[in-house]
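With the numbering used here, the residue at position 48 of the sequence shown is 49, and numbering never jumps.
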Amino acid sequence: MNLDIEGRVAFVCASTTGLGLASAKALAAEGVAIAVTGRRGDVAEEQAASIASEFGVASLGIGVDLLDAQSRQEALETAEKTLGPIDILVLNGPGPRPGGALSVGVGEATEAALSLIEPHVDLVSRVLPGMRSRGWGRIVAVGAYSMDSASTWLALSAIGRAGLARYLQALAKEVAAEGVTVNIVQPGIIATARIDALDAAEAATSGGTPAQARARREASMPMGRLGKPEEFASAVAFFASEPARYITGQSLMVDGGLYAAD
Numbered sequence: 002m003n004l005d006i007e008g009r010v011a012f013v014c015a016s017t018t019g020l021g022l023a024s025a026k027a028l029a030a031e032g033v034a035i036a037v038t039g040r041r042g043d044v045a046e047e048q049a050a051s052i053a054s055e056f057g058v059a060s061l062g063i064g065v066d067l068l069d070a071q072s073r074q075e076a077l078e079t080a081e082k083t084l085g086p087i088d089i090l091v092l093n094g095p096g097p098r099p100g101g102a103l104s105v106g107v108g109e110a111t112e113a114a115l116s117l118i119e120p121h122v123d124l125v126s127r128v129l130p131g132m133r134s135r136g137w138g139r140i141v142a143v144g145a146y147s148m149d150s151a152s153t154w155l156a157l158s159a160i161g162r163a164g165l166a167r168y169l170q171a172l173a174k175e176v177a178a179e180g181v182t183v184n185i186v187q188p189g190i191i192a193t194a195r196i197d198a199l200d201a202a203e204a205a206t207s208g209g210t211p212a213q214a215r216a217r218r219e220a221s222m223p224m225g226r227l228g229k230p231e232e233f234a235s236a237v238a239f240f241a242s243e244p245a246r247y248i249t250g251q252s253l254m255v256d257g258g259l260y261a262a263d
């Protein structure tokens, strides 16, 4: 399928590793210019150079602290000055520590909500006016299973991501008639450093080793394996595409059938 987004410009949050990097590469493969962002500017620049070399697109690496408003503003300004107006915004960022609800303190809960909602709302508010004026825009959020269902290992994540999901779904309705779509792609168990950390946390709490925890995860998967970052990223690229123009306000689970309804 031709995604028909060649020449568009994407700002991909937290895209030096994991699902963010995979999403940046998937978009670059479709001819999209990419702003690669991360806390370490040098790593972002390295990944941007690699993407430019592999896919032959304009790519810029930008150091940004997503929790700092000034840093976010400067990163967007740098991206637009170099690459052009942002057509595609991929919201992504690190989650809070794993753990159950009984381990959550009031301060941690507040911090989780702020860290997972405020930066993304701010980024959206900065790029949305341009998208609306041009009559075209794609906002795609990297979500989590914890957005819609309780998890005994991701209580803090649920606090922030559930709020973000409701905001994005409301936004989708408000801008639907203006050529801007807003969607969420929720990863199941994808082989990233985040899952490595969950394996380690489970082993520390329940006994055994991280390798044993990983084996249990794989055994629970209908496909018998974890997902690959590039498999997840293909859904991000589709939601950012022209053929997906009539799809908005949706959450898609990329999970190999793990959370399929019985």
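For each residue, glycine too, the CB sits at the ideal point set by N, CA and C.
7 angstroms Cβ shell around Glu179 - same chain, five flanking residues per side excluded:
Within the sequence shown, the letter at position 178 stands for residue 179. Excluding residues within five positions, the ones whose Cβ falls inside 7 angstroms are Arg133, Gly136.
Would Ala15 pass as a contact of Phe56 if the rule is Cβ separation under 8 angstroms?
For the purposes of this step, residue 15 is taken as the residue at position 14 of the sequence shown. For the purposes of this step, residue 56 is taken as the residue at position 55 of the sequence shown. Judged by beta-carbon spacing, Phe56 lies beyond the 8 angstroms limit of Ala15, meaning their Cβ atoms are not closer than that value.
Beta-carbon gap between Arg9 and Gln74 smaller than 8 angstroms
Taking the sequence shown and counting its residues from 1, the one referred to as residue 9 is at position 8. Taking the sequence shown and counting its residues from 1, the one referred to as residue 74 is at position 73. Cβ atoms of Arg9 and Gln74: not closer than 8 angstroms.
Which of helix, strand or coil DSSP assigns to Ser24
Translated into the one-based positions of the sequence shown, residue 24 becomes position 23. If DSSP states are grouped into helix, strand and coil, Ser24 belongs with the helices.
At least 3 beta-carbon pairs within less than 8 angstroms: the segment 115-125 vs the segment 84-92
Judged by Cβ distances under 8 angstroms, the segment 115-125 makes contact with the segment 84-92, as three or more pairs qualify.
For Pro188, the three-state DSSP class (helix, strand or coil):
Your numbering for residue 188 matches position 187 in the sequence shown. Pro188: strand per DSSP, three-state reduction.
N-terminal and C-terminal residue of the alpha helix (DSSP H) that Met132 is part of
Start at 1 with the first residue of the sequence shown, and residue 132 comes out as number 131. 107-135 is the span of the alpha helix (DSSP H), which, as asked, contains Met132.
Are there 16 or more other CB atoms within 10 angstroms of the CB of Ala25, so buried, or fewer, so exposed?
Locating residue 25 in the sequence shown gives position 24, where the first residue counts as 1. Buried, since its Cβ has 16 or more Cβ neighbours within 10 Å.
Proximity winner among Leu129, Ala194, Pro97, Ser207, relative to Phe12 (alpha-carbon distances)
Looking up residue 12 in the sequence shown gives position 11. Answer by Cα proximity: Leu129.
Look up Val65 in the DSSP assignment and say whether it is helix, strand or coil.
By one-based count along the sequence shown, residue 65 stands at place 64. In this structure, Val65 counts as coil in the three-state DSSP scheme.
Residue closest to Gly96, alpha-carbon to alpha-carbon, out of Val58, Ala49, Leu68, Phe240
One-based indexing of the sequence shown puts residue 96 at position 95. The candidate whose alpha carbon is nearest that of Gly96 is Leu68.
Between Gly131, Lys174, Glu119, which has its C-alpha nearest Gly161's C-alpha?
Counting from 1 along the sequence shown, the entry for residue 161 is found at position 160. Closest option to Gly161, Cα to Cα, is Glu119.
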